[in-house]
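Below is one structure; the comments refer to it alone.
Residue numbers (the numbering used here): 45 to 341.
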């Protein structure tokens, strides 16, 4: 491989992944159920901690009581229903589509109210200390909507959770039109195209197209469709035949039945038609053949 080709490949990879790194989404995980597979007859204080295995960053929010773990006090329920939301995880897409979440769980001794496992002592030590992990592959999840319940267990099976996951919609691809300068004649069709290349899964994703109406100072809906391309014209964009160049902002957003994402914007320009010349209103005076001394009045 020659040096020029090598440098080109390096430049391509650098610019490609640099553009990807600007697209970040947020992954939300909510624990809906905790199942305990040990005796709870006398009451139990289970503790469960979660962390992002890429960075070992804790994912448990700090509660009002100061504890940063999912915890229950003196519960006699082996199957606990909850709505425990973990801290959101920021993901760069489409570079990182697979996230591994670590889990640590144990039964806390009732005389110790913190979130750290302590095996010291003869009678007051914590019990049932187990670890586990689960993998979330964004390709298997529809974007912008809550998933169905997903189950995960610790290695010994004493603690099993159920959770739902949802990741946010990124900004769509930059809008491109059928004119390199984004300038159109009044009667000309405008074809605007975008995409959702940052999404690992585009199932259920719609494109919401809008234009900015100057007279009302509001964004007006053009269409909502699963088609990443829009075909429109000046009339559909609320524009009468312009006498001067008129600029109209367009925007498109990704959306689902539960979420509307950020927009990508593009301003297009419509030019007035060329003036017509009516021959009957033209007076030709003081002219001679092959002379350029006449005038149109």
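Using N, Cα and C, we set each Cβ at its ideal position, and we do this for glycine too.
The structure displayed is predicted, hence computed values, not measured ones.
CB contact flag (residue i, residue j, <9 Å)
i	j	result
residue 239	residue 272	yes
residue 313	residue 228	yes
residue 96	residue 231	no
residue 293	residue 311	yes
residue 213	residue 297	yes
residue 115	residue 152	yes
Of the listed residues the options, nearest to residue i (C-alpha basis)
i	options	result
residue 124	204, 311 and 193	204
residue 130	153, 138, 106 and 149	106
residue 102	212, 147 and 298	147
residue 197	233, 137, 150 and 276	150
residue 279	262, 295, 257 and 270	257
residue 189	309, 308, 74 and 114	74
residue 161	304, 89 and 184	89
residue 17	199, 184 and 201	The first residue shown for the chain is 45 and the last is 341, placing residue 17 beyond what the model contains.
residue 80	199, 178, 122 and 109	122
residue 225	291, 166 and 77	291
residue 77	199, 195 and 177	195
residue 167	154, 179, 175 and 177	154
residue 113	315, 261 and 91	91
Residue i to residue j span [Cα, whole Å]
i	j	result
residue 266	residue 220	17 Å
residue 173	residue 156	15 Å
residue 191	residue 289	48 Å
residue 243	residue 142	13 Å
residue 301	residue 69	18 Å
residue 71	residue 319	56 Å
residue 65	residue 186	With a pLDDT of 39 at residue 65, under the threshold of 50, the modelled position of this residue cannot be trusted; read the value that follows with caution. If I take the Cα positions, the gap works out to 21 Å.
residue 128	residue 93	11 Å
residue 86	residue 120	7 Å
residue 217	residue 111	42 Å
residue 276	residue 233	6 Å
residue 164	residue 171	11 Å
residue 236	residue 222	7 Å
residue 254	residue 181	32 Å
residue 283	residue 215	28 Å
residue 104	residue 252	35 Å
residue 61	residue 158	With a pLDDT of 40 at residue 61, under the threshold of 50, the modelled position of that residue is not reliable, and no figure is offered here.
residue 137	residue 67	6 Å
residue 98	residue 133	11 Å
residue 246	residue 145	24 Å
residue 299	residue 263	16 Å
residue 304	residue 201	39 Å
residue 135	residue 211	9 Å
residue 307	residue 140	22 Å
residue 309	residue 295	4 Å
residue 126	residue 250	32 Å
residue 175	residue 199	6 Å
Element boundaries [beta strand (DSSP E), containing residue i]
i	result
residue 294	290-299
residue 309	304-315
residue 195	194-197
residue 237	234-237
residue 186	Note, residue 186: premise wrong, no beta strand (DSSP E); not H, not E.
residue 227	227-229
residue 82	Segment: none, residue 82 is in no beta strand (DSSP E) and carries neither H nor E.
residue 134	133-136
Counterpart residues of residue i in DSSP-defined beta bridges
i	result
residue 91	115 and 150
residue 343	Since the displayed the chain opens at 45 and closes at 341, residue 343 lies outside it and no answer follows.
residue 266	None; residue 266 has no bridge partner.
residue 251	269 and 298
residue 172	Paired residues: none, contrary to the question.
residue 125	77
residue 178	145
residue 70	134
residue 205	78 and 196
residue 107	Residue 107 is not bridged to any residue.
residue 275	235
residue 210	72
Cβ of residue i within 9 Å of any chain B Cβ
i	result
residue 158	Structure shown: chain B not included; a single protein chain is present.
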